[in-house]
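The structure under discussion appears below in the form of C-alpha coordinates.
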Amino acid sequence: MSIPPEEVTPSSTTPITHPAPNKVDNETIKITLLLVSGKRSDLVVSPSDTVEAIKRRIFENWPKEWSEELPESPAQLRLLLRGKFLEPNSTMEGNKIPTGQTTTVHLIIKSAASSEGTAEKAKNLDHAGSCRCTIM
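Listed below in C-alpha coordinates is the structure:
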(Lines of atoms letter the chains of each structure in order from A and count residues from 1; the text may use other names and numbers.)
(Lines give C-alpha, C1' and ligand atoms only; values in the text may rest on other atoms or scores of the structure.)
Protein backbone atom coordinates (compact mmCIF):
# COMPACT_ATOMS: atom_id res chain seq x y z
CA MET A 1 0.00 0.00 0.00
CA SER A 2 1.46 3.35 -0.96
CA ILE A 3 1.06 6.48 1.09
CA PRO A 4 -0.44 9.38 -0.90
CA PRO A 5 1.73 12.50 -1.09
CA GLU A 6 0.82 15.29 1.27
CA GLU A 7 -1.52 17.87 -0.12
CA VAL A 8 0.21 21.22 -0.42
CA THR A 9 -1.85 24.34 0.09
CA PRO A 10 -0.37 27.82 -0.16
CA SER A 11 -0.57 29.94 2.97
CA SER A 12 -1.70 33.54 2.98
CA THR A 13 1.82 34.66 3.81
CA THR A 14 3.48 32.81 0.94
CA PRO A 15 2.62 34.17 -2.50
CA ILE A 16 2.58 31.66 -5.33
CA THR A 17 5.40 32.38 -7.75
CA HIS A 18 5.78 31.10 -11.28
CA PRO A 19 8.91 29.01 -11.90
CA ALA A 20 9.96 30.62 -15.20
CA PRO A 21 10.77 34.17 -13.95
CA ASN A 22 12.38 32.83 -10.79
CA LYS A 23 14.66 30.35 -12.52
CA VAL A 24 18.07 30.44 -10.93
CA ASP A 25 21.24 29.17 -12.56
CA ASN A 26 24.93 29.36 -11.70
CA GLU A 27 25.11 32.91 -13.10
CA THR A 28 22.28 34.41 -11.00
CA ILE A 29 21.19 34.76 -7.39
CA LYS A 30 17.69 34.07 -6.12
CA ILE A 31 16.83 36.10 -3.05
CA THR A 32 13.77 35.50 -0.92
CA LEU A 33 12.62 38.79 0.55
CA LEU A 34 11.20 38.35 4.05
CA LEU A 35 9.12 41.08 5.70
CA VAL A 36 8.74 41.43 9.47
CA SER A 37 5.12 40.29 9.01
CA GLY A 38 6.41 36.96 7.64
CA LYS A 39 5.33 37.59 4.06
CA ARG A 40 7.80 36.43 1.41
CA SER A 41 8.54 37.10 -2.24
CA ASP A 42 11.27 35.81 -4.55
CA LEU A 43 13.50 37.86 -6.82
CA VAL A 44 16.26 36.79 -9.22
CA VAL A 45 19.21 39.19 -9.41
CA SER A 46 22.65 39.37 -10.96
CA PRO A 47 25.81 39.21 -8.81
CA SER A 48 26.80 42.64 -10.19
CA ASP A 49 23.50 44.32 -9.18
CA THR A 50 23.88 46.99 -6.51
CA VAL A 51 21.70 47.05 -3.42
CA GLU A 52 20.34 50.44 -4.56
CA ALA A 53 19.28 49.00 -7.95
CA ILE A 54 17.62 46.04 -6.25
CA LYS A 55 15.73 48.33 -3.85
CA ARG A 56 14.46 50.35 -6.85
CA ARG A 57 13.40 47.14 -8.59
CA ILE A 58 11.59 45.90 -5.47
CA PHE A 59 9.78 49.23 -5.14
CA GLU A 60 8.80 49.39 -8.83
CA ASN A 61 7.52 45.77 -8.78
CA TRP A 62 5.94 45.83 -5.31
CA PRO A 63 3.94 42.59 -4.76
CA LYS A 64 0.15 43.09 -4.68
CA GLU A 65 -0.01 40.88 -1.58
CA TRP A 66 2.04 43.47 0.31
CA SER A 67 -0.25 46.45 -0.41
CA GLU A 68 -0.68 47.30 3.31
CA GLU A 69 3.07 47.82 3.65
CA LEU A 70 3.74 49.92 0.54
CA PRO A 71 6.62 52.39 1.10
CA GLU A 72 6.59 55.88 -0.40
CA SER A 73 10.00 55.49 -2.04
CA PRO A 74 12.91 53.04 -2.42
CA ALA A 75 14.83 55.12 0.14
CA GLN A 76 12.60 53.65 2.86
CA LEU A 77 13.75 50.10 2.07
CA ARG A 78 16.65 48.43 3.86
CA LEU A 79 18.06 44.98 3.12
CA LEU A 80 19.37 42.97 6.06
CA LEU A 81 21.58 39.91 5.55
CA ARG A 82 23.05 37.86 8.39
CA GLY A 83 22.44 40.69 10.87
CA LYS A 84 24.05 43.43 8.75
CA PHE A 85 22.41 46.15 6.68
CA LEU A 86 23.62 46.03 3.08
CA GLU A 87 25.19 49.28 1.88
CA PRO A 88 23.40 50.91 -1.09
CA ASN A 89 26.48 51.00 -3.35
CA SER A 90 27.60 47.43 -2.60
CA THR A 91 26.94 44.56 -5.00
CA MET A 92 25.52 41.12 -4.29
CA GLU A 93 28.90 39.63 -5.18
CA GLY A 94 30.63 42.09 -2.85
CA ASN A 95 28.34 40.98 -0.03
CA LYS A 96 29.43 37.37 -0.67
CA ILE A 97 25.97 36.15 -1.67
CA PRO A 98 26.52 32.84 -3.52
CA THR A 99 25.29 32.37 -7.09
CA GLY A 100 23.08 29.45 -8.04
CA GLN A 101 21.42 29.38 -4.62
CA THR A 102 18.50 30.95 -2.82
CA THR A 103 19.40 33.38 -0.04
CA THR A 104 16.88 34.86 2.40
CA VAL A 105 17.23 38.62 2.87
CA HIS A 106 15.14 40.55 5.39
CA LEU A 107 13.37 43.58 3.91
CA ILE A 108 12.90 46.37 6.43
CA ILE A 109 10.55 49.26 5.63
CA LYS A 110 11.42 52.46 7.48
CA SER A 111 8.44 54.69 8.11
CA ALA A 112 8.71 58.11 6.46
CA ALA A 113 7.59 59.87 9.64
CA SER A 114 10.28 58.28 11.79
CA SER A 115 13.10 59.08 9.37
CA GLU A 116 11.90 62.68 9.03
CA GLY A 117 11.47 62.92 12.80
CA THR A 118 15.00 61.64 13.39
CA ALA A 119 16.45 64.21 11.00
CA GLU A 120 14.42 66.96 12.69
CA LYS A 121 15.62 65.85 16.15
CA ALA A 122 19.25 65.88 15.00
CA LYS A 123 18.77 69.37 13.57
CA ASN A 124 17.23 70.59 16.83
CA LEU A 125 20.11 69.14 18.86
CA ASP A 126 22.54 71.33 16.93
CA HIS A 127 20.57 74.42 17.96
CA ALA A 128 19.89 73.32 21.53
CA GLY A 129 21.16 75.61 24.23
CA SER A 130 23.71 74.53 26.74
CA CYS A 131 25.06 75.84 29.99
CA ARG A 132 28.44 75.80 31.62
CA CYS A 133 29.33 75.86 35.23
CA THR A 134 32.64 76.94 36.69
CA ILE A 135 33.50 76.07 40.27
CA MET A 136 36.07 78.32 41.88
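Residue numbering for the sequence shown follows my numbering, starting at 21 and increasing by one per position. Glycine included, every Cβ here is placed at the ideal spot set by N, Cα and C. Source: prediction; values computed, not measured.
Under a three-way DSSP split, which group does residue i fall into?
| i | result |
| --- | --- |
| K84 | helix |
| V56 | coil |
| I117 | coil |
| R77 | helix |
| M21 | At M21, the pLDDT of 47 sits below 50, so the modelled position is not reliable and the matter cannot be decided from this model. |
| T154 | coil |
Taking 7 Å as the limit between beta carbons, can you name the residues of its chain near residue i, skipping five residues before and five after?
| i | result |
| --- | --- |
| E107 | V71 |
| L97 | K75, I78, F79, P91, L127 and I129 |
If contacts are defined as beta-carbon pairs under 8 Å, then residue i and residue j qualify, I think. What distance do you get, rounded to the angstrom?
| i | j | result |
| --- | --- | --- |
| F79 | S66 | That belief does not hold up - the Cβ atoms of F79 and S66 are roughly 18 Å apart, past 8 Å. |
| L123 | I51 | Here residue 123 is Thr; the residue named in the question, Leu, does not match the sequence. At roughly 5 Å, the Cβ-Cβ gap stays under 8 Å, so T123 and I51 are in contact. |
| L55 | E88 | Going by Cβ atoms, the distance from L55 to E88 rounds to 10 Å, so no, they are not a contact pair. |
| L100 | V125 | 7 Å |
Please go through the same chain and pick out, in chain order, the residues whose beta-carbon is closer than 6 Å to the beta-carbon of residue i, but skip the five residues on each side of it.
| i | result |
| --- | --- |
| E113 | P67 |
| D69 | M112 |
| F105 | R98 |
Excluding sequence positions up to five away, which residues of its chain have a Cβ less than 8 Å from the Cβ of residue i?
| i | result |
| --- | --- |
| S110 | T70 and V71 |
| T48 | V64, V65, S66, P67, T119 and G120 |
Run the proximity test for residue i: is its beta-carbon closer than 7 Å to any non-hydrogen atom belonging to the ligand SAH?
| i | result |
| --- | --- |
| F105 | This structure lacks the ligand SAH; in fact it carries no ligand of any kind. |
Could you check whether the segment 81 to 96 touches the segment 115 to 124, counting it as contact only if at least three pairs of C-beta atoms, one from each stretch, sit closer than 8 Å? Taking 8 Å as the limit for Cβ pairs, the verdict is that the segment 115 to 124 does not touch the segment 81 to 96.
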